[in-house]
Amino acid sequence: MSKQPPGDYESLRAEVSARYDSLSKILQQIARFAWDHPTDMAMGTTSVIAKQAGVQPSALIRFAKAFNYSGFTEMQRPFQQHVAERSASYAERFRHAGGNSNAPGESSPDSLLQEYCSASIAALEQLQHGVDSASLQKATGLLEQADSIYIIGQRRSYPVAAYLSYSLNHVIPKAHLLHGIGGMLTEQCQTMRTKDVLLAISFSPYSEDTRMVVADARERNIPVIVISDSTLSTVASLANVCFEIREAELYSFRSLGASMCLAQTLTTSLVVRQGVPPKKAPKKKRKMK
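Under numbering that gives the first Met the number 0, the sequence shown has 119 at position 120, and the numbering climbs by one with no breaks.
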């Protein structure tokens, strides 16, 4: 008896993620396109989707049959159901609204502000409804139980890593930022122990240094929490907990609003668990004239 294909979007997503490493490069390319563009996958024709994904139409059929669907049309049904139940992602909403330009052109500062705010609001809405409660609880528990918290994020991910290091050290002074200054990243990582936890932030294009640090941590049985833009990223499969964040992107500039919101949530959750009162800024004494 042949195995039944996944019946819904989340089941299909889970199976693709579980088998991703064993797929051919072409099928991996289709998988990444599918999660980035669920609306296109749901509504497009085989030829149009193949062109957008940069593959041959026959590759889409192979992808569908790899997951026990009779053909590509049958595989579209979970995507169609998903799109019907939830609005399209912020990126697709903006693109289908005609705002996916590569340059601002003649847009005024006021209109640019409105566009960036709208895109960021959509990203925050997706974060609000897309993060699994169990993952939040597990991540907070790992942070609370850790002897030390090591944090890494490079290039675009660095501001989130730096903020987490700053904010966590205001709660419990045990966070260490793996910045790698002076080429000392390997030496910094050697101080990690199995009772610690690694918090890695990695967005496309993914940092090879971050991947190596995460792989090293998993090899040494150090728990890993990942914040990334895809469950198919180079570090997601190595994580004990992975948060997928789809940031706002306009004119090739990507926001960090949703990632910062998640960072604040993790820090505040730790405050609540620890019962640590947040530190208040000292009041300035007014000078008498």
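For each residue, glycine too, the CB sits at the ideal point set by N, CA and C.
Only a predicted model underlies this, so the values are computations on that prediction, with no experimental measurement involved.
Contact check for Asn-239 against Val-223 passes: the beta carbons are separated by less than 7 Å. In this structure the stretch 172-188 does not touch the stretch 124-134; the number of beta carbon pairs closer than 8 Å is below three. According to the DSSP assignment, Phe-62 belongs to no beta strand (DSSP E) but to the alpha helix (DSSP H) extending over 56-65. The continuous stretches of alpha helix (DSSP H) do not include Phe-242, which lies in the beta strand (DSSP E) extending over residues 240-243. One thing to note: Thr-209 has its Cβ within 7 Å of the Cβ of Ile-151. Close CB contacts of Met-74 within its chain, under the 6 Å cut and outside five residues either way in sequence, are with Ala-63, Tyr-68 (chain order).
Closest in C-alpha terms to Phe-242, from the list Thr-267, Ser-258, Arg-272, comes Ser-258. Taking every protein chain shown into account, the CB of His-36 has 16 or more other CB atoms within 10 angstroms, so this residue is buried.
DSSP, read as helix, strand or coil, puts Arg-272 in helix. Secondary structure at Leu-176: strand, using DSSP grouped into helix, strand and coil. A distance below 7 Å separates the beta carbons of Ala-247 and Ser-254. Per the coordinates, the alpha-carbon of Ser-156 lies some 34 Å from the alpha-carbon of Pro-5. Of all alpha-carbon atoms in Val-159, Pro-158, Leu-142, Thr-193, the one lying nearest the alpha-carbon of Val-170 is that of Leu-142. Counted as a single uninterrupted DSSP element, the beta strand (DSSP E) harbouring Val-223 occupies residues 223-227. Contact annotation: Ile-221 and Leu-198 have beta-carbon atoms that are not nearer than 7 Å. Nearest to Ser-229 by alpha-carbon distance, out of Arg-217, Arg-245, Arg-18, Arg-219, is Arg-245.
A direct Cα-Cα distance of roughly 19 Å separates Cys-116 from Val-159.
Under the three-state reduction of DSSP, Tyr-8 is assigned to helix. In this chain, the alpha helix (DSSP H) harbouring Gly-140 covers 132-144. In this structure Arg-76 does not touch Asp-146 by the C-beta definition: roughly 48 Å separates them, more than the 8 Å allowed. One alpha carbon belongs to Phe-32, the other to Ala-52, and they sit about 6 Å apart. Annotated three-state conformation of Ile-171 is coil, per DSSP. The beta carbon of Lys-194 is closer than 6 Å to those of Asp-146 in its chain, skipping five residues each way along the sequence.
Judged by DSSP in its simplified three-state form, Ser-107 adopts coil rather than helix or strand. Excluding residues up to 5 positions away in sequence, Val-15, Tyr-19, Leu-22, Leu-231 lie with their Cβ nearer than 7 Å to the Cβ of Ala-30 in the same chain. Less than 7 Å divides the Cβ of Arg-217 from the Cβ of Leu-237.
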